[in-house]
Amino acid sequence: MVRILYTHDRAFMRKTFAAIDRHVEASSARLALGPEASEPDGPIEELSPRVADAADYDRAVFDVDPDVVVENHRFAAEVLDDRPEFYDSYPVVHVRHGASVGRGEVENTTRDLADHVDVALAPGEWWAERYRAGFPDSVRVSVVGIPEADALVGTDAPRRRRLLYAPTNHNYGGGSYVRTADRVLDAVAGTAFELRFRPHPADRREEPGRTVTARCMRRIEAMSNVTVDDETSPRESLRWADLLISDYSGIVTEWLHTGRPLVQLTDVVADRPVPALGYRTDRLSSPALERVYEEGYRSEVADEVDRRLQTLGIPMDGRAGERAAAEVMACTQ
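Quick note on this note's numbering: the sequence shown kicks off at 1218 and runs consecutively.
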């Protein structure tokens, strides 16, 4: 009998559930909502019925008959033709996949999920305040942290001149990838840095990102100090790297748990600022990378990052998965 049913509509979203599920004390399974979500390998059993409309979604959940449904997506609001009926029969817990800051994702969450979420797990106080304002009073809001970042807490920087480039996607996140991918390769070419190049999955399969990715892959074949990270989860690369190059991707708040430097590319497609969580630049250069790697942040940048972290209020104690699991287990009673 499955008591906890996790649902997700992209394969890479399952990492959030894996970080929670190791702490639960009940049987569980994952419901992959569509072919792009399916990836049978992993610690949680996957269920992959065809889900094309609300009736399919209802049938899949009612067939499992769990105690609680845990979502980290807005699949129903974005894809389905109607509101699934199971929302009225089972408690629904929402946990974020990707705690991005500056992309308007919190507003999307409260707008699309307000009619069916019972418990909203917030990455930090900044999100919780907006959840409380945007969700009905009946929704329980709990600050848990970022479960998938627990494994990064307390890890040491390798100090091997390793860089990870992982920006947000173009089509949905309005990120920097299309404008900066080639510039990043230019900045590390012929240097002593080692770069892992990690495009968002959407930029590997959808235009215009797909063309950029194909071009960069051809360049990388001739670069001895650049490799491609195409793993579903970025966890190993986050532990591997000394410095992250990104923008306002959700990977940034995971990276903050390492205490290692961040370079934020501000040349994003969307018409919005990139919140200061690291050294920001619209023109990446080898000297800038060298300076941040060797010296860290200048005092004014460090002070601004500290202020921003205080505002976000993310608990970074390595116990986010435990707290999230406790909230989920409370719904099984």
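The beta carbon of each residue, even a glycine, is placed where N, CA and C say it ideally should be.
Since the model is a prediction, treat every value here as computed from it, not as a measurement.
As a quick exercise: from the options, pick the residue whose alpha carbon is nearest that of residue i.
i	options	result
A1493	E1448, R1525, T1327	R1525
V1491	E1512, Y1465, P1504	Y1465
L1248	D1282, L1222, D1332	L1222
G1315	Y1510, T1385, A1409	T1385
I1531	V1469, Y1389, E1324	V1469
R1477	L1250, D1459, T1430, E1517	D1459
M1434	R1508, E1365, R1357, R1415	R1415
E1544	R1432, L1338, S1503, Y1394	L1338
R1227	T1498, P1418, A1409	P1418
D1329	A1345, L1297, S1306	L1297
In the DSSP assignment, find the alpha helix (DSSP H) that holds residue i and state where it starts and stops.
i	result
Y1307	Per DSSP, Y1307 belongs to no alpha helix (DSSP H) and is neither H nor E.
D1270	First-last for D1270: undefined, no H or E at that position.
F1229	That residue, F1229, is in no alpha helix (DSSP H); it is neither H nor E in DSSP.
Q1527	1516-1529
M1434	1426-1437
S1450	Segment: none, S1450 is in no alpha helix (DSSP H) and carries neither H nor E.
A1419	1419-1422
R1540	1537-1547
R1489	No alpha helix (DSSP H) contains R1489, which DSSP labels as neither H nor E.
S1502	First-last for S1502: undefined, no H or E at that position.
Under the DSSP definition of a beta bridge, which residues are partnered with residue i?
i	result
Q1481	S1463, R1497
E1263	R1247
T1224	L1248, E1288
T1408	Paired residues: none, contrary to the question.
V1445	F1414
Measure the Cβ-Cβ separation of residue i and residue j and say whether it is below 9 Å.
i	j	result
G1538	H1240	yes
V1278	P1301	yes
L1369	R1413	no
G1341	G1362	yes
S1245	V1286	no
F1234	S1450	no
V1480	L1455	no
G1321	R1489	yes
L1402	V1445	no
E1288	V1268	no
E1471	E1365	yes
R1400	R1500	yes
V1356	V1323	no
L1541	I1237	Just to set this straight, residue 1541 is Ala in the shown sequence, not Leu. Result yes, Cβ atoms of A1541 and I1237 sit closer than 9 Å.
A1293	A1271	yes
S1463	A1383	yes
L1529	W1343	yes
A1243	M1533	no
Y1514	G1535	no
The beta strand (DSSP E) spanning residue i covers which residue range?
i	result
R1413	1411-1414
Y1382	1379-1382
Can a CB atom of chain C be found closer than 9 Å to the CB of residue i?
i	result
D1399	Among the chains in the structure shown there is no chain C, since it carries only a single protein chain.
- request: At 4 residues or longer, and completely inside the region 1288-1373: list those alpha helix (DSSP H) runs for me, N to C.
  value: Complete alpha helix (DSSP H) runs here, min 4: 1292-1296, 1322-1330, 1342-1351.
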